[in-house]
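One structure is given below, encoded as structure tokens.
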Amino acid sequence: MEWQTWLLISVIGFTFYLYAEVRDLRMRLRRLEKTNHPSPQEFSPELDQELAALVRQGKKVQAVKRVREEHGWTLLEAKQAVDRYEE
């Protein structure tokens, strides 16, 4: 009976350890996703031309929407990328 208790405690402890590791990896992945976005210089040439044309036409909202569709960025990230076309 005693070995079964130790086995149960070990399994529970290992489960908590694995849970903590998975949580840590998820947090690292989110951090990497936030910092690892390509800059506008790394956009495909087609998207780059499309965004430049939309900004020239005064259609910044559509340009931001296009960046978000293409890359899945947040609203702020996409707006900052589109704002670089005005400079």
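Quick note, the sequence shown lines up with residues 0 to 86 if you use numbering that gives the first Met the number 0.
Every residue, glycine too, gets a C-beta built ideally from N, C-alpha and C.
Computed from a predicted model, the values in this text were never measured in an experiment.
Could you say if the region 48-64 and the region 12-32 meet the contact criterion of at least three C-beta pairs nearer than 8 Å?
Between the region 48-64 and the region 12-32 there are fewer than three inter-stretch CB-CB distances shorter than 8 Å, so the stretches are not counted as touching.
Between which two residues does the alpha helix (DSSP H) harbouring LYS59 extend?
Against the sequence shown, residue 59 aligns to sequence position 60. From DSSP, the alpha helix (DSSP H) with LYS59 extends over 59-70.
Burial state of VAL63 (16 or more Cβ within 10 Å)
For the purposes of this step, residue 63 is identified with residue 64 of the sequence shown, where counting begins at 1. Result: buried.
So, are the CB atoms of ARG67 and LEU74 less than 8 Å apart?
Residue 67 sits at position 68 when you count from the first residue of the sequence shown. Residue 74 sits at position 75 when you count from the first residue of the sequence shown. It is a contact, given that the beta carbons lie within the stated cut-off.
For GLU85, I'd like the list of residues in its chain whose CB is within less than 7 Å of its CB, leaving aside the five on either flank, ordered along the chain.
Taking the sequence shown and counting its residues from 1, one reaches residue 85 at position 86. Within the same chain, GLU85 has close Cβ partners VAL54.
Taking only the alpha-carbon atoms, compute the straight-line gap between HIS70 and LEU46 and give it to the nearest angstrom.
In the sequence shown, residue 70 corresponds to position 71, counting from 1. In the sequence shown, residue 46 corresponds to position 47, counting from 1. Whole-angstrom Cα-Cα distance: 11 Å.
Rounded to a whole number of angstroms, what is the C-alpha to C-alpha distance between MET0 and LEU17?
On the sequence shown, position 1 is the one that residue 0 refers to. On the sequence shown, position 18 is the one that residue 17 refers to. The alpha-carbon atoms of MET0 and LEU17 are separated by roughly 26 Å.
Through-space distance from PRO44 to LYS78, alpha-carbon basis
On the sequence shown, residue 78 is found 79 positions in, with the first residue counted as 1. On the sequence shown, residue 44 is found 45 positions in, with the first residue counted as 1. Rounded to the nearest whole angstrom, the C-alpha separation of LYS78 and PRO44 is 19 Å.
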